[in-house]
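Every letter in the sequence shown is one number past the one before it in the UniProt record's numbering, and letter 255, counting from 1, is 255.
Positions of the beta carbon are idealized from the N, C-alpha and C atoms, including for glycine.
Below: the structure, in C-alpha cells.
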Amino acid sequence: MESAVRKAVLAACPKCASDVCDYLADSAVAVLEDENDKEAFQEALEAATAPFLEEYGVSAAEVAAFCKVVACAAFPMAKVSSKAAKAGTDDGDLLCRLPNLMMMYGGSSQPLLRNATLELIKGHRYGIVGANGSGKTTLMGRIANKDIAGLPAAIRVVHLSHDTIVQGVNPTTSVREYSQLRSASDSASPDDALLAQALTGVGFDEASLGKTVLELSGGWQMRLALACAVAQKANLLILDEPTNHLDSAGVQWLIEFINTRCVGGEEGGTAMIVSHDPDFLDQVCSDVVHFTSDARLDYHPGNFTSFKNTVLKGDQAKATALLETGSSPAGGVAEGSKMLFPSPERLGSTAAERKSPVLTLQGVSFQYNKEEEKSVFHDVDMQLSMDSRVGIVGKNGAGKSTLLQVIADRMRPTSGERWYMQAAVGKAARFRQGFDSETPEKDPKPLTESQKADRKRLGMQFGKKSKPMQALLGRRETFKGGYGESAAGSSKEYTYEVQWEGLGDAEISWERKGKILQCGCEAMLEDLEDRLWSAWAGVEQRPLSTEEILQHLGPFGLPEEICLSRKIGMLSSGQKIKLMFGAALWTRPQFLCMDEPTNFLDLETVALLQDALKGYRGGYAIVTHNESFVADVCTDIWTVADGQVWGKDAVSKNNNNNNNKKQRQQHQQQ
Numbered sequence: 001m002e003s004a005v006r007k008a009v010l011a012a013c014p015k016c017a018s019d020v021c022d023y024l025a026d027s028a029v030a031v032l033e034d035e036n037d038k039e040a041f042q043e044a045l046e047a048a049t050a051p052f053l054e055e056y057g058v059s060a061a062e063v064a065a066f067c068k069v070v071a072c073a074a075f076p077m078a079k080v081s082s083k084a085a086k087a088g089t090d091d092g093d094l095l096c097r098l099p100n101l102m103m104m105y106g107g108s109s110q111p112l113l114r115n116a117t118l119e120l121i122k123g124h125r126y127g128i129v130g131a132n133g134s135g136k137t138t139l140m141g142r143i144a145n146k147d148i149a150g151l152p153a154a155i156r157v158v159h160l161s162h163d164t165i166v167q168g169v170n171p172t173t174s175v176r177e178y179s180q181l182r183s184a185s186d187s188a189s190p191d192d193a194l195l196a197q198a199l200t201g202v203g204f205d206e207a208s209l210g211k212t213v214l215e216l217s218g219g220w221q222m223r224l225a226l227a228c229a230v231a232q233k234a235n236l237l238i239l240d241e242p243t244n245h246l247d248s249a250g251v252q253w254l255i256e257f258i259n260t261r262c263v264g265g266e267e268g269g270t271a272m273i274v275s276h277d278p279d280f281l282d283q284v285c286s287d288v289v290h291f292t293s294d295a296r297l298d299y300h301p302g303n304f305t306s307f308k309n310t311v312l313k314g315d316q317a318k319a320t321a322l323l324e325t326g327s328s329p330a331g332g333v334a335e336g337s338k339m340l341f342p343s344p345e346r347l348g349s350t351a352a353e354r355k356s357p358v359l360t361l362q363g364v365s366f367q368y369n370k371e372e373e374k375s376v377f378h379d380v381d382m383q384l385s386m387d388s389r390v391g392i393v394g395k396n397g398a399g400k401s402t403l404l405q406v407i408a409d410r411m412r413p414t415s416g417e418r419w420y421m422q423a424a425v426g427k428a429a430r431f432r433q434g435f436d437s438e439t440p441e442k443d444p445k446p447l448t449e450s451q452k453a454d455r456k457r458l459g460m461q462f463g464k465k466s467k468p469m470q471a472l473l474g475r476r477e478t479f480k481g482g483y484g485e486s487a488a489g490s491s492k493e494y495t496y497e498v499q500w501e502g503l504g505d506a507e508i509s510w511e512r513k514g515k516i517l518q519c520g521c522e523a524m525l526e527d528l529e530d531r532l533w534s535a536w537a538g539v540e541q542r543p544l545s546t547e548e549i550l551q552h553l554g555p556f557g558l559p560e561e562i563c564l565s566r567k568i569g570m571l572s573s574g575q576k577i578k579l580m581f582g583a584a585l586w587t588r589p590q591f592l593c594m595d596e597p598t599n600f601l602d603l604e605t606v607a608l609l610q611d612a613l614k615g616y617r618g619g620y621a622i623v624t625h626n627e628s629f630v631a632d633v634c635t636d637i638w639t640v641a642d643g644q645v646w647g648k649d650a651v652s653k654n655n656n657n658n659n660n661k662k663q664r665q666q667h668q669q670q
C-alpha cells in the first residue's frame, strides 16, 4: 500500500520538484500509519498538506483533488461512508472535542500531532506544555485562525500575545478608537454598553481612553486587549506568554482576571495558556495539556506542580524543558556552542578611552504632549561609556522604555541636551518582529494629506521661489571663527543640500537647519541624519554579500541552512530574537540598548546571551523584568519612578533633597 501511495503522489504532481514530491509522499505514508479508513485518511492528509501546498500557490480545491487521488490509491476498494458521530459537538459542558487530529509543520515529514484528541471544557484553564518544537504555538495559532477541520463555529476565539496586541496600530490611535475597532465582530458593530463596562472593569477611566495605545505600558496594553475580548464575548482565550512585559502587580492582576473570567456557565470562558513561568501556571491552571514525545495530547487535572510531581516524578529538569518557549532544538543554538557579539567598530585602545563617555544627556526631560502636567522623567543628567553595564528597572508605565528610546535616539527629549561622542548606538527591540511596536516613530511612513498640505503651505511662505522642499541630498559641516590647524575657538554648523519641488538641479541650494524646520520638513531631516549616521557607523561600508551576512549571523546561533532556506515568518520565536540581535549589531556599535531581551528565549539561549554580554567589549543598557538576568550582567542599576531617575551615572537634579532620598529607599525596598 505504501508503494501505491508514493506512485499516486508522483502521478498527481508530475511537475513538482523531487524534494516536494518526497515531502508529500512521506506525509501521506505517515498519515497512512494512523488511518485505516479512506474518508479519515483523505481528511487527515488534506489537513497535513494544505498549509505546505498553499505556500506554493496551490488552491484549496486543488489540494482536495490531490488528496482524493492519493486516497483512492491507498484504499482502492473502499467506499466513502458517512461518520456516525461528527467531531466537535458542543453540548453540555463541552466546548469542543476533535478526535484523530493530525498536524504538520513546515517542510518536516514528521507530524507535530498524530491521532491526537483536542478536548476543551467550558470554564477550564489549560496550561499547554511540551518540549521546544513540539507544536504548542502552532496549535494555538491554528485554533485562533480556525484552521482545524471540525472546530465548532460557535467558538469565539481571541488570541493574545504582546506583539499581536499592537501589531499594525497607528501611532495616533487612541485607546477608545482601538477598543471600538477590536471589539467589533465581522458582522456587527461593538456593543457600546458592554465595551464601556469591560473597559471600566479592567481599570480604564475617561482620561485614559484619550491616550494613544502606544503610550500605554505593556501591562495596560494587555488590560486593553482583554477588555476587547470581553466585549467580543469571547468564549476561548488563547494567551501566549501573557506575563512578558508585566511587573509583579500586573501579573497578579492578570491572575485574578483569568480566574474570575474563565469559569463555568454561559458568561464564562475557557483559556489556553503557554507560559515559561511555573508559578503563574500554578495560580491559573485547572488542567495541564502535555504534548507527548509520540505526538499526542495528554490531559492532566490540576496545576503544573501537580503535573510535575505525578507525571514527571518531580524531575525539575524535565519540567523546565517543557516550559521553554524559544527556538526548537533543530533550529536553535547547537549544544555546546556560544552566542558571540562582534567587537565595536571603533574600540578604545586604552582603559581611559573605554571609560570616557560615548553618550551624555544633560538636563533631559520628556513629555508625550504639552497637555500632560507630569513629565515621564524630568531634568535628568547621565553618562554612558563602553564600560557601562546598566540595568533600567521600575514599575510598568514608569518610563523605562521611554528612557531607553531617548538614549538610543529613537525619541526626542522634550528639553535638555544630548551628545554622542563619535559613537554608534544599536537598538535591540522587545518584540518578535525585530522592532519595538510601542514606539514606531522612526519607521518610514507616508505623509498624511494634512501633512502634505502643511508642507505645501509652508513652502509657499518660506521656500525658494515659493516651492516646497522635495528632498535633502546631503549635509556639510561649516566651521566659523577659527584659524590655523587647531581651529581654536571655532564653532561648527551643519548646512543641508536641498532639492526644491518643480525646480531643476541648477536651483539646488544649501540651507541651514532652521530653514528646513520652517518649511515643515523635520521628518525629512531626521531621515537624512539616520542615513548619514548609518553610513558613518559602517552600514554602507560593510558589503551586503551573502558571505558577509552568513559570517555575521553564524555566531548568533543562526547557521547557514536556516539563513538560506527559511523565510522570517517560518522562524521560531527564539530564532527571530537572534536575528534581531544580529541586525542590531550589524554596524558593530559601541553601545547597545536592549528592551526585554530575554522574552521568548528558552533558558539555554538566555544563558548564552548572558555569556555574550559578559564578553561584549561595548557598553549596554537593558530594560527587563528578569531580576536574575539583570543581577548577572549589570553593574549599575538605574531606577525610574515618579518622573525621576537615579543610579551611579544617572540622576535627576531635583533628586538631592531628603524627601527624595526617602522616596528612592522606598522604591528600592519594593
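Residue range of the alpha helix (DSSP H) that includes residue i
i           : result
Ser217      : From DSSP, Ser217 is part of no alpha helix (DSSP H); its letter is neither H nor E.
Thr305      : Phe304 to Thr310
Cys21       : Ser18 to Asp34
Ala193      : Asp192 to Gly201
Glu449      : Glu449 to Phe462
Arg552      : The question names Arg, but residue 552 is His in the sequence shown. Residues Thr546 to Leu553.
residue 681 : Absent from the model: residue 681. The displayed extent of the chain is 1 to 670, so no value can be given.
Chain-order list of residues whose beta-carbon lies under 7 Å from that of residue i (same chain, five-residue window excluded)
i      : result
Thr31  : Correcting the residue type first, residue 31 is Val in the shown sequence and not Thr. Phe41, Ala44, Leu45, Ala48 and Met102, listed in sequence order.
Gly130 : Lys136, His290, Phe291 and Leu322
Gly203 : Arg223
Gly502 : Lys467
Asn259 : Val284
Beta bridge counterpart(s) of residue i as assigned by DSSP
i           : result
Val364      : Val380
Gly416      : Note: Gly416 sits in no beta bridge, so no partner.
Val157      : Leu236
Arg512      : Thr495
Ser179      : Per DSSP, none; premise fails for Ser179.
Gln644      : Ala641
Ser248      : In DSSP, Ser248 forms no bridge with anything.
residue 742 : The requested residue 742 is not part of the displayed model; the chain covers only 1 to 670.
Cut-off 8 Å between Cβ atoms - residues of its own chain near residue i, not counting five sequence neighbours on either side
i           : result
Lys7        : Ala73
Leu10       : Cys21 and Ala25
Leu525      : Leu472, Tyr496, Lys513, Ile516 and Leu517
residue 672 : Any property of residue 672 remains undetermined from this structure, which presents the chain solely from 1 to 670.
Val5        : Ala25, Ala28, Val29, Leu32, Val70, Ala73 and Ala74
Host beta strand (DSSP E) of residue i (start-end)
i      : result
Met272 : Thr270 to Val274
Gly130 : Segment: none, Gly130 is in no beta strand (DSSP E) and carries neither H nor E.
Met103 : Leu94 to Met103
Cys593 : Phe591 to Asp595
Ile568 : No beta strand (DSSP E) contains Ile568, which DSSP labels as neither H nor E.
Thr320 : Where Thr320 is concerned, there is no enclosing beta strand (DSSP E), although the alpha helix (DSSP H) it sits in stretches over Gln316 to Leu323.
Glu119 : Leu113 to Ile121
Pro301 : Leu297 to Pro301
Close Cβ partners of residue i (< 6 Å) along its chain, the five nearest in sequence each way excluded
i      : result
Ile508 : Gln499
Val633 : Gln610 and Leu613
Cys16  : none
Leu209 : Val175 and Arg176
Leu236 : Ile155, Val157 and Thr270
Pro301 : Asp287
Thr448 : none
As assigned by DSSP and simplified to three states, the class of residue i
i      : result
Ala612 : helix
Ser388 : coil
Arg410 : coil
Thr243 : coil
Asn259 : helix
Ser208 : helix
Gly588 : Residue identity differs from the one stated: residue 588 is Arg in this sequence, not Gly. Of the three classes helix, strand and coil, the one that applies to Arg588 here is coil, per DSSP.
Arg475 : strand
Leu10  : helix
Val166 : coil
Could you check whether the region 399-416 touches the region 613-633, counting it as contact only if at least three pairs of C-beta atoms, one from each stretch, sit closer than 8 Å? Flag = yes, the region 399-416 and the region 613-633 touch.
Counting pairs of beta carbons, one from the region 199-216 and one from the region 132-151, are three or more of them closer than 8 Å? Touching, no, given that fewer than three Cβ pairs across the two stretches are closer than 8 Å.
Does the region 177-184 touch the region 223-240, meaning 3 or more C-beta pairs lie closer than 8 Å? At 8 Å Cβ cutoff, the stretches touch.
Three-pair Cβ contact test at 8 Å for the region 556-572 versus the region 241-248: In short, these stretches do not touch, since the Cβ pair count stays below three.
Segment contact, 8 Å Cβ cut-off, at least three pairs: the region 383-397 with the region 627-641: A contact exists between the region 383-397 and the region 627-641.
Assess contact between the region 289-309 and the region 576-589, defined as three or more Cβ pairs (one per stretch) separated by less than 8 Å. Is contact present? Segments in contact, no.
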